[in-house]
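What follows is one structure encoded as structure tokens, with my remarks underneath.
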Amino acid sequence: MKKLLLSSLVILSGCTLDSNNEMQNTTDNTITNIQQNIDKLTELDQIISTIEDEKTSDTELKKQLEKLAYMANENSEAMLYLASLYEEGDIISKNLALARSYYSKSSQKNNTLARYYYALMLIDGRGGETNHKEAKELLQTNIKDNHEQSTYALAYLHFIDKDYQKTINILSTKKSIDSPSSKYLLGISLLEQNQNIDKAIELLTQSSTEKNIYASHALGKIYAHGKHGQLKDPKKSFFYLKQAVQDNDPNALYDLAMLTLENPEFIDNDYNASIEKLIHADKYGNKFASFEIAKLYDQGNIVKQNYEKAIYWYKKSAEKGNNRAMYNLASMYANGDGVSVSMSDAEFWLKQSAQYGNQRAIELLK
1 MKKLLLSSLV
11 ILSGCTLDSN
21 NEMQNTTDNT
31 ITNIQQNIDK
41 LTELDQIIST
51 IEDEKTSDTE
61 LKKQLEKLAY
71 MANENSEAML
81 YLASLYEEGD
91 IISKNLALAR
101 SYYSKSSQKN
111 NTLARYYYAL
121 MLIDGRGGET
131 NHKEAKELLQ
141 TNIKDNHEQS
151 TYALAYLHFI
161 DKDYQKTINI
171 LSTKKSIDSP
181 SSKYLLGISL
191 LEQNQNIDKA
201 IELLTQSSTE
211 KNIYASHALG
221 KIYAHGKHGQ
231 LKDPKKSFFY
241 LKQAVQDNDP
251 NALYDLAMLT
261 LENPEFIDND
271 YNASIEKLIH
281 ADKYGNKFAS
291 FEIAKLYDQG
301 NIVKQNYEKA
311 IYWYKKSAEK
321 GNNRAMYNLA
331 SMYANGDGVS
341 VSMSDAEFWL
351 KQSAQYGNQR
361 AIELLK
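Next comes the structure, spelled out in structure tokens:
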């Protein structure tokens, strides 16, 4: 949760003392100090403290949330905190539209943090439509106020908009690139602009070492295909792609599977391990994996030919709009590969393939 720092609350931890009297005196002083600090809390601090106290009863929690909502009519910090509650959904029901609304209201009262979190929601469209133009304006305002996180967010926004030179300009002005994410953004942007390739590879390598899976994935692809002036190195590619799949990134799983199909010695010639990675890649959203699985079972060069499985995976690929899968289904129904010959089904899939732009299908239907 994006907790606000309570302005005066001090949490003291006890320590073991040799004397019982010293322990009692320390305890008494601690209680007195805490009470004095509580007395100094603002009303909002006290509300937040009560809301976040696990011992608060449901009745009292409801009462404090009502106070917070009332205060959020005018107080920008209350708006910010209530927005964070709606965004996280741990204490109250998640409502991204309300979170976005309260961040917006707070940002209009010149709240730097609210501007930042509102900009993030505008970037990815949580709680409403995306609005990159407004997000840029908010982040630029924060940067003038020396808000460090907004600098990275603006660089990221330019990055996803493929304005790589602006990403480079922003991150290159920083005295040091400390975070793995910043190193990744700058490294990829330099590669995209074909600038300072050695520096780009160095940044990506550092980012990967610091557990950034996107940097690992990028390096894995670079060494798999020998891109950006680097020598093709399947072993290096395998090393980095193994790191990239740790969070089940579907595209990294796909790339690792394809690498091991071409270099089976990395997996002790266990092609089933490659297929399992392709299955997981498909499960987590990669749109190419199902077609590759279908081809493996259709062709039967690497694994035992299985037309039934091939048709199953071609159909899954066709559902994702793959016109080649549609074309191959048409061929299988026309030839009776694993199914009864059905010219009507063959014609259906051929027309589907043509509709999705397959030139061979278009020519055959003329």
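Note that our numbering has the sequence shown beginning at 1, numbered continuously upward. We put the beta carbon where it would ideally sit given N, CA and C, even for glycine. Note that the structure is predicted; figures quoted are calculated from it, not measured.
Neighbourhood of residue i by C-beta distance below 8 Å, restricted to the same chain and skipping five residues each side
i: I302; result: L261, Y271 and L296
i: I197; result: L190, L191, H228 and G229
i: D247; result: I213
i: T205; result: A215 and L219
i: N263; result: P234 and F238
i: K232; result: Y223, A224, H225 and G226
i: N110; result: S76
Alpha-carbon spacing of residue i relative to residue j, whole angstroms
i: K320; j: A281; result: 14 Å
i: W349; j: A257; result: 28 Å
i: I293; j: W313; result: 7 Å
i: T32; j: M71; result: Its pLDDT being 49, under 50, T32 is placed unreliably in this model, and the coordinates cannot settle the point.
i: T50; j: K174; result: 40 Å
i: E129; j: A119; result: 12 Å
i: E54; j: I48; result: 12 Å
i: S57; j: I92; result: 14 Å
i: F288; j: L259; result: 14 Å
i: H217; j: K277; result: 15 Å
i: D163; j: E134; result: 16 Å
i: K3; j: E60; result: Only weak support exists for where K3 lies, its pLDDT of 45 falling under 50; the value from the coordinates is given anyway. Answer to the nearest angstrom: the Cα atoms are 19 Å apart.
i: N169; j: K236; result: 30 Å
i: I222; j: K199; result: 14 Å
i: S84; j: P180; result: 26 Å
i: Q195; j: N131; result: 30 Å
i: T42; j: Q64; result: 14 Å
i: S317; j: D124; result: 27 Å
i: K94; j: E88; result: 6 Å
i: N73; j: A114; result: 15 Å
i: I279; j: E347; result: 29 Å
i: K62; j: K315; result: 52 Å
i: R100; j: K366; result: 53 Å
Residue of the options minimising C-alpha distance to residue i
i: N212; options: K232, Y223, T173 and A252; result: A252
i: H228; options: H217, S107, L191 and E77; result: L191
i: N142; options: L154, K133 and N131; result: L154
i: E265; options: F238, S290, V245 and N248; result: F238
i: Q230; options: S107, S76 and E202; result: E202
i: N75; options: S106, Y327 and S101; result: S106
i: Q108; options: E77, L329 and N131; result: E77
i: G357; options: K366, N322, E347 and A346; result: N322
i: K67; options: E88, L44 and E52; result: L44
i: K304; options: N73, I275 and K62; result: I275
Counted within 10 angstroms of its Cβ, other Cβ atoms place residue i as buried (16 or more) or exposed
i: T167; result: buried
i: S344; result: exposed
i: V367; result: Not covered by the structure: residue 367. The range shown for the chain is 1 to 366.
i: T209; result: exposed
i: I160; result: exposed
i: L80; result: buried
i: E137; result: exposed
i: H225; result: exposed
i: G220; result: buried
i: G187; result: buried
i: D178; result: exposed
i: Q243; result: buried
i: Q352; result: buried
i: A69; result: exposed
i: Q299; result: exposed
i: L364; result: exposed
i: D268; result: exposed
i: N21; result: Because N21 carries a pLDDT of 45, less than 50, the predicted location of this residue cannot be relied on, and the following value inherits that uncertainty. Answer is exposed; the Cβ neighbour count stays below 16.
Beta carbon of residue i nearer than 8 Å to that of residue j
i: Y240; j: S207; result: no
i: L171; j: R126; result: no
i: G285; j: P234; result: no
i: R360; j: Y333; result: no
i: A310; j: G338; result: yes
i: L98; j: Y116; result: no
i: S150; j: L157; result: no
i: Y102; j: L82; result: yes
i: F291; j: A325; result: yes
i: S104; j: Y152; result: no
Any C-beta of chain D under 8 Å from that of residue i
i: Q206; result: Given the protein chain composition of this structure (a single chain), no chain D is represented.
Neighbourhood of residue i by C-beta, 6 Å cutoff - its chain only, sequence neighbours within 5 removed
i: T112; result: N142, D145 and H147
i: V245; result: A252, L253 and L256
i: Y307; result: D337 and G338
i: A273; result: I267
Cβ-based neighbour list, residue i, same chain, cut-off 7 Å, excluding 5 preceding and 5 following
i: Q165; result: Q193
i: I362; result: A354
i: Q24; result: Residue confidence for Q24 is low, a pLDDT of 44 falling below 50, so the modelled location carries little weight; the figure read from the coordinates is stated next. None.
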